[in-house]
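Here is the structure we will look at.
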Amino acid sequence: MDFTTRRARITGPVSYLSGSGRKQNIPIGPCLVESLGGRVIDIVWGARGQSSVALPVEEIEAARDHGHLVLLD
1260 MDFTTRRARI TGPVSYLSGS GRKQNIPIGP CLVESLGGRV IDIVWGARGQ SSVALPVEEI
1320 EAARDHGHLV LLD
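With the sequence shown counted from 1, adding 1259 to any position gets you my numbering.
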């Protein structure tokens, strides 16, 4: 299995559905982008990496294309 972790930064709205079903945005700031080689990518954020969400590759690519997610490495 191909596991990749990259440093990134959220610079604009990247939304997800919270556990309660409400639409929320990942906070602007540093994050990690973790891929297991499938069609879902984990975004991890917070001072100690305490928050995360799994998003489809298409949503990650759209956020990157709009400049809302910047890969740093």
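Cβ atoms here follow ideal geometry from the backbone N, Cα and C, with glycine treated the same way.
Of the candidates T1263, C1290, G1308, R1281, the residue whose Cα lies closest to the Cα of G1271 is C1290. As DSSP reads the structure, R1265 sits in a beta bridge with V1292. Annotated three-state conformation of A1306 is coil, per DSSP. In this chain, the alpha helix (DSSP H) harbouring V1316 covers 1316 to 1324. Judged by DSSP secondary structure, L1330 falls within the beta strand (DSSP E) whose first and last residues are 1328 to 1330.
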